[in-house]
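> As given, the protein sequences belong to chains A and R, one line each in that order.
Each number in the numbering used here corresponds to the 1-based position in the first sequence with 662 added.
Each number in the numbering used here corresponds to the 1-based position in the second sequence with 32 added.
Before I ask anything, let me first share the structure, which is written out below as C-alpha cells.
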Amino acid sequence: AQSVTQLDSHVSVSEGTPVLLRCNYSSSYSPSLFWYVQHPNKGLQLLLKYTSAATLVKGINGFEAEFKKSETSFHLTKPSAHMSDAAEYFCVVSEEWNRDDKIIFGKGTRLHILP
Amino acid sequence: NAGVTQTPKFQVLKTGQSMTLQCAQDMNHEYMSWYRQDPGMGLRLIHYSVGAGITDQGEVPNGYNVSRSTTEDFPLRLLSAAPSQTSVYFCASTPSGTGSFYGYTFGSGTRLTVV
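Next up, the structure:
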C-alpha cells in the first residue's frame with residue numbers, strides 16, 4: 663500500500679533564503695511522485711513530477727525535487743524564497759502500475775515567507 | 033478555456049438540505065474524481081470514475097452520491113447535508129491510465145458550509 667508523509671505542517675523562511683519542504687513516501691511498486699501548490703483560496707497547481715526518469719526534477723517557479731529511493735524521500739527545494747511562494751504545498755504519490763489512477767495526498771505543508 | 037469547471041464556488045446549506053456540486057471538463061479525460069479538503073487532512077478521495085457509466089467509492093464516500101452519464105460531467109450529490117460535510121470540494125481529471133504519469137487537472141473548488 664502506498665502512503666506519503668509530509669514531515670512539517672508549517673515552515674517559515676525569510677525572503678531570499680533557501681526553502682526545504684520534506685516528504686517521505688511508502689510504495690510497494692515503482693512510484694510516481696508529485697508536488698502540488700495551492701495559493702490561498704485557489705485550486706491546486708502541479709509544480710513538478712517524478713516518473714522514473716531523472717532523479718532530480720525541475721519544476722516551475724525555480725522549485726526542484728530529488729527522488730532518493732534509498733531514503734524513500736522526495737524533498738522540495740528552492741534556492742531563494744520569494745514572497746509569492748507563500749502557499750500550501752502537497753506531496754503526492756501514485757504507483758506506476760495503478761489501474762485506477764488513484765493518488766494519495768500528504769497532509770500539506772504551509773510555507774510562510776518572512777520579509 | 034480548457035480545464036475543469038466547478039460550480040458553484042460558494043454555497044451555504046442548512047442541515048438536511050440536498051444539493052449537487054457540478055463538475056465539467058472539456059479535455060476528453062476519462063478519469064474524474066472528487067476530493068474534500070479539510071485543515072490538516074490534505075485531500076481525501078470521495079468518489080471517482082474511470083469512464084462514463086463507471087463509478088467507485090474512495091476513502092470517504094458516506095453521505096455522497098455520484099453518477100457519470102457523460103465523459104464531460106461528474107456531479108457530486110449531497111443527499112442530506114450535515115455540518116461534518118462543511119469543507120472545500122475539488123474535482124479533478126486526467127486521461128485514463130495516465131494519472132500516475134501526468135498528474136491531475138484540478139478545478140478551482142467549491143467552498144461548502146453546512147449550518
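We put the CB at the ideal spot given by N, CA and C, even for glycine.
Considering Cα atoms alone, identify which of Y712(A), L708(A), S714(A) is closest to I722(A).
Nearest option by C-alpha distance: L708(A).
> Can you list, in chain order, the residues of its chain whose CB lies under 6 Å from that of D58(R), leaving out five sequence neighbours each side?
Closer than 6 Å at Cβ, skipping near neighbours: A34.
> Report yes if the C-beta distance between W697(A) and F729(A) is below 9 Å; otherwise report no.
No, the Cβ-Cβ distance between W697(A) and F729(A) is not below 9 Å.
> Excluding the five sequence neighbours on either side, which residues of its own chain have a C-beta within less than 6 Å of the C-beta of L669(A), listed in chain order?
The residues are R684.
> So the beta strand (DSSP E) R68(R) belongs to, where does it begin and stop?
63-70 is the extent of the beta strand (DSSP E) around R68(R).
> Helix, strand or coil, according to DSSP, for N703(A) in the structure here?
N703(A) falls in the coil class under three-state DSSP.
> At what residues does the beta strand (DSSP E) containing F729(A) begin and finish?
Counting along the chain, the beta strand (DSSP E) containing F729(A) begins and ends at 726-730.
> Nearest by alpha-carbon distance to R772(A): which of V666(A), V673(A), I766(A), L718(A) is it?
Out of V666(A), V673(A), I766(A), L718(A), V673(A) has the C-alpha closest to the C-alpha of R772(A).
> Below 8 Å on the Cβ atoms is my contact criterion, and I expect S742(A) with G72(R) to pass it. Report the Cβ-Cβ distance as a whole number of Å.
Not confirmed; about 29 Å, so no contact.
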